[in-house]
Amino acid sequence: MFPSRSIEHLERVIVDSMSSTANGIMDKTNGEEFVRYLKRYDAHKRQMRDLKMEDIIPISEGEGIQITPQREEIEESDPNQPFIESMGAPPPPAPKQKKKEGQQTIPCLAYNQINACPDDMNLTHELLNKLVILKLNGGLGTTMGCKGPKSAIEVRNSLSFLDLAVRQIEFLNTKHGVDVPLILMNSFNTDEETKRVVSKYAKRHVSIRTFVQSKFPRCDKTTMTPVTTEKFSHDTRGLWYPPGHGDVYAALARNGLLQHLISMGKEYIFISNIDNLGATVDLNILYHLMENDYKFCMEVTKRERQDISGGTLVELHGKPVLLEKYALPKVLGDNIRRDKRFDKFNTNNIWVNLREMQRLVSVHKSLNLQVIVKEKMTTFPNGTEAPCLTFLTAAGAAISLFDDVCVVSVPRERFLPVKTTDDLFAVQSDLFTVKHGTLHLSEKRTITPRVPTVKLGPCFKTVDEYMQRLPFGVPDIIDLEHLTVSGSVSFRNRIQLKGTVIIVAEEGSHIDICSGSSIRDKVMTGNLRLNDL
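UniProt numbering numbers the first residue of the sequence shown as 1 and each following residue consecutively.
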């Protein structure tokens with residue numbers, strides 16, 4: 001948390017930089033958006049200061065109490081009003097039935113509770129022709145030791161994230177005779193390379209459009225000023241950052257693409273992370289939205305031990321609110337994570353009505369989303385490093401600003417993010433098969449968890465190191481529950497891992513799991529060449 005005067009000082013610096021034609025570092029569009037972020041952060045900080053555990057209602061599966069929808073006019077005089085209302089204003093008007101204290105009003109249905117889309121060719125055609133798919137494509141593959149866009153990393157059968165997404169949509173378009181376009185929101189880090197990659201799909205049955213989200217300068221933590229006095233360039237790009245995927249709404253509207261999609265007759269947009277291999281078009285969810293005229297839908301799933309990221313969805317004053325751990329006071333955040341009632345977290349699979357998005361964005365050229373601050377180590381052109389501040393928003397936070405929202409609690413198969421080589425290990429295994437670009441969990445997997453917990457050590461961190469230690473691919477893990485690997489370990493061919501397996505090669509030693517090995521519920525350490533346990 002930073003004093004309001006520090007934020008106000010930073011605002012003045014940004015405004016001054018826009019007004020200076022000679023020395024300005026930001027163009028008007030990015031500068032104005034940055035100032036909006038700063039104002040909203042200051043408003044949110046004040047709300048969080050007074051937030052108490054007893055104010056927060058966990059979201060659980062159920063219909064919720066039906067309340068009378070109320071669409072209030074957005075006053076231009078107060079750009080923070082929708083955001084403030086969602087975070088701490090008086091509760092909404094009286095519900096149709098009396099709401100008991102602590103009772104949930106937001107509908108959250110388990111996936112198997114929503115009405116299935118009827119098996120009707122004409123209906124399916126109609127639904128899909130109203131849909132747009134948007135993939136958040138701003139991230140690099142640096143976490144796994146790769147250069148360039150993460151979407152270009154090969155994850156399965158020599159296919160990249162982007163290859164799989166294109167195949168999924170092409171199959172839909174071909175099978176149903178529809179035109180579902182793919183939109184990619186790039187960052188300045190990924191735009192150039194992504195455009196080169198996209199050119200290879202020119203003859204595929206899918207229309208692909210790209211656009212670039214905003215960019216802000218990193219800020220010095222001590223002086224609360226931008227760390228660069230120069231405009232964005234190749235040499236200074238490391239001093240800038242894309243301000244999170246919450247920028248998708250404003251950026252989509254700003255470049256005219258939102259209006260273009262509406263003019264094409266599109267009604268809903270399905271937003272998801274490019275690295276979530278479970279985020280595929282689901283006709284049942286789309287039908288559920290259109291049947292009930294919902295304007296915003298968030299897919300949540302039950303938090304498991306390995307889920308350290310992802311905001312927690314709760315109810316606050318009758319509104320759904322996405323609480324990100326970086327935005328909460330530490331004690332409150334720790335209490336929420338320990339409380340097992342708060343077990344629904346955001347998959348970042350989001351469905352939004354395009355016209356309602358346009359209505360909300362049109363007044364202020366932005367959505368008044370919760371802003372979080374993260375401290376990032378920054379490398380300067382001279383090679384020195386220092387901690388800097390970044391101001392970010394999350395796409396899921398927009399759920400607070402929409403009327404007529406719903407939440408669907410989905411199975412883990414719709415949440416298969418690949419953030420590290422630990423995740424890559426699972427999706428490349430025999431747990432999954434690939435058909436038309438979509439991963440399907442094997443029917444042979446009959447135990448829980450549906451996907452095992454995998455923790456590979458630093459020797460597997462980069463994709464190159466990972467492939468060197470798995471030259472024949474991932475072992476058979478159909479019956480694996482937990483795997484921990486530490487130190488210098490290599491796997492050969494035709495290996496089976498079952499139950500809980502822990503392999504630790506101590507410093508200076510090596511463990512080689514030989515071809516044909518079958519390992520069940522074992523802890524192994526030392527310097528071994530293993531044939532069969």
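Beta carbons: idealized from backbone N, C-alpha and C, even for Gly.
- When beta bridges are read from the DSSP output, Gln496 appears opposite Asp476, Ser518.
- CA-CA distance, Arg359 to Ile269, rounds to 15 Å.
- In the three-state DSSP reduction, Lys344 falls in the strand class (E or B).
- The Cβ atoms of Val501 and Ile478 lie no closer than 8 Å to each other.
- Phe232 sits in coil when the DSSP states are folded into three classes, being neither helix nor strand.
- Taking C-beta atoms as the reference points, Leu456 and Leu480 fail to come closer than 8 Å.
- Residue pairing by DSSP puts Arg209 in a beta bridge opposite Ile183.
- Contact check for Pro242 against Lys221 fails: the beta carbons are separated by 8 Å or more.
- Residue environment for Thr190: buried (at least 16 other C-beta atoms within 10 angstroms of its C-beta).
- Ser366 is classed as buried because its beta carbon has at least 16 other beta carbons within 10 Å across all chains shown.
- Residue range 161 to 176 is occupied by the alpha helix (DSSP H) that includes Asp163.
- One alpha carbon belongs to Cys146, the other to Lys461, and they sit about 11 Å apart.
- The DSSP-derived three-state label of Val155 is strand.
- Val361 places its beta carbon 8 Å or farther from that of Ile271.
- Secondary structure note for Val331: its alpha helix (DSSP H) is the uninterrupted segment 330 to 338.
- For the pair Tyr249 and Thr393, the Cα-to-Cα distance works out to about 11 Å.
- Under the DSSP assignment, Asp422 falls outside any beta strand (DSSP E), being part of the alpha helix (DSSP H) whose first and last residues are 421 to 427.
- Pairing Pro458 with Ser486, the inter-Cα distance amounts to about 7 Å.
- Note that the segment 176 to 194 touches the segment 147 to 154; at least 3 beta-carbon pairs, one per stretch, sit closer than 8 Å.
- For Ile447, the number of other beta carbons within 10 angstroms of its own is below 16, and it is reported as exposed.
- Counted as a single uninterrupted DSSP element, the alpha helix (DSSP H) harbouring Tyr41 occupies residues 28 to 49.
- Annotated three-state conformation of His9 is helix, per DSSP.
- Rounded to the nearest whole angstrom, the CA to CA distance from Arg492 to Gln428 is 15 Å.
- Where Ile271 is concerned, the enclosing beta strand (DSSP E) starts and stops at 268 to 273.
- Pro320 counts as buried, since at least 16 other C-beta atoms from the protein chains shown sit within 10 angstroms of its C-beta.
- Nearest Cα to His9 within the set Val35, Thr29, Asp27: Val35.
- Spanning the alpha carbons of Arg40 and Val523 requires a straight line of approximately 51 Å.
- In terms of Cβ geometry, Ala426 and Pro452 form a close pair [threshold 8 Å].
- Residue pairing of Cys219 in beta bridges, as defined by DSSP: Pro226, Leu389.
- Apart from sequence neighbours up to five positions away, the residues of its chain that approach Glu170 with a beta-carbon distance below 7 Å are Arg204, His205, Val206, ordered along the chain.
- Proximity to Phe391 across Leu140, Arg218, Thr236 peaks at Arg218, based on C-alpha coordinates.
- Separation of Val13 and Thr229 (C-alpha to C-alpha, rounded to the nearest whole angstrom) is 11 Å.
- Residue environment: Gln113 is assigned as exposed (fewer than 16 neighbouring CB atoms within 10 Å of its CB, all protein chains considered).
- Take Phe188, set aside five residues on each side of it, and the residues of its chain with a beta-carbon closer than 6 Å to its own are Lys215, in chain order.
- The three-state secondary structure of Asn284, taken from DSSP, is helix.
- Burial state of Tyr326 is exposed, judged by a 10 Å Cβ sphere holding fewer than 16 other Cβ atoms.
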